[in-house]
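Here is the structure we will look at, set down as structure tokens.
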Amino acid sequence: MNILCEGKIAWFPMKWNSLRDDDLPTLADHQAAEYAESRANPAIIHLNGDKPWKKAAGPAADTTRHARFWDYASRTPFEAELRAMLADYQARTTAPIDPETDEAIFFSNTLRETEQTEAQLQTAGIATKRGSGAEGCAYNIYVSKDDVEKAFAVLMETGGDE
24 MNILCEGKIA WFPMKWNSLR DDDLPTLADH QAAEYAESRA NPAIIHLNGD
74 KPWKKAAGPA ADTTRHARFW DYASRTPFEA ELRAMLADYQ ARTTAPIDPE
124 TDEAIFFSNT LRETEQTEAQ LQTAGIATKR GSGAEGCAYN IYVSKDDVEK
174 AFAVLMETGG DE
């Protein structure tokens with residue numbers, strides 16, 4: 024890949040991927056100036072670290088970027104869904120999952136997909152819990168270990184994937 028692309032790379036100005044980290048590695052002088060400019064006048068803000076839809080602004084969060092994010096989100100038809108994601112994420116990160124009795128059976132990074140899958144399982148009489156972190160996904164559905172086979176059968180009947 025490097026050989027094929029050598030000399031054919033166009034570098035975008037940093038303002039098109041403005042990072043929020045203050046602890047970036049040491050930058051060359053020309054990069055440091057461009058980085059400072061990207062922070063002052065970003066075109067696109069890359070919210071690496073704490074995502075506003077996953078963590079409420081607080082002492083450890085970048086409150087300026089969170090406020091800016093929610094200001095722009097309020098101008099879109101997605102604000103309610105983003106706020107639901109925040110509430111859901113906060114509830115899941117504090118919900119205890121017992122590894123002895125519960126097993127994660129569904130992994131996704133999409134709240135809507137998780138809600139639909141969870142509704143299918145609940146309609147079939149299977150109790151569910153949401154958690155986070157497994158398989159690197161934001162949304163995980165857990166069921167009782169006694170219900171795992173039944174849950175997989177329900178998902179396979181409705182076209183779900185393992």
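For the sequence shown, the working numbering assigns the number 24 to the initial residue and increments by one for each residue that follows.
Heads up, the beta-carbon is just placed ideally off N, CA and C, and yes, glycines get one too.
Keep in mind that this is a model prediction, so the values were computed, not measured.
Spatial distance of residue i from residue j (CA atoms)
| i | j | result |
| --- | --- | --- |
| Ser-131 | Tyr-162 | 5 Å |
| Ala-147 | Trp-93 | 37 Å |
| Glu-136 | Glu-180 | 16 Å |
| Ala-174 | Lys-31 | 50 Å |
| Thr-124 | Lys-168 | 6 Å |
| Gln-143 | Ala-150 | 11 Å |
| Arg-91 | Ile-68 | 10 Å |
| Ala-59 | Ser-155 | 34 Å |
| Ala-55 | Pro-36 | 12 Å |
| Ala-79 | Glu-29 | 42 Å |
| Leu-70 | Met-108 | 16 Å |
Per-residue DSSP class, three states only, for residue i
| i | result |
| --- | --- |
| Asn-71 | coil |
| Ala-176 | helix |
| Asp-170 | helix |
| Ala-57 | The question names Ala, but residue 57 is Glu in the sequence shown. In this structure, Glu-57 counts as helix in the three-state DSSP scheme. |
| Leu-109 | helix |
| Trp-93 | helix |
| Thr-87 | helix |
| Asp-121 | coil |
| Ala-63 | helix |
| Ala-33 | coil |
| Ala-187 | Residue 187 is absent from the model: the chain starts at 24 and stops at 185. |
The beta strand (DSSP E) enclosing residue i, as first and last residue numbers
| i | result |
| --- | --- |
| Phe-101 | Careful: Phe-101 lies outside any beta strand (DSSP E) and carries neither H nor E. |
| Ala-127 | 125-131 |
When the options are compared against residue i, the one with the closest alpha-carbon
| i | options | result |
| --- | --- | --- |
| Leu-134 | Ile-120, Leu-105 and Thr-151 | Leu-105 |
| Ser-61 | Lys-74, Leu-42 and Thr-49 | Leu-42 |
| Ile-164 | Lys-173, Arg-153, Glu-172 and Asp-170 | Arg-153 |
| Trp-14 | Ala-66, Glu-57, Ile-26 and Ala-59 | Given a span of 24 to 185 for the chain in the structure shown, any question on residue 14 remains unanswerable. |
| Pro-75 | Glu-102, Leu-50 and Leu-27 | Glu-102 |
| Cys-160 | Arg-91, Ala-127 and Glu-141 | Ala-127 |
| Ala-63 | Leu-109, Arg-88, Ile-120 and Ala-176 | Arg-88 |
Residue i - partner residues in DSSP beta bridges
| i | result |
| --- | --- |
| Lys-152 | Tyr-165 |
| Leu-42 | His-69 |
Range of the contiguous alpha helix (DSSP H) that encloses residue i
| i | result |
| --- | --- |
| Leu-144 | 134-146 |
| Cys-28 | 25-28 |
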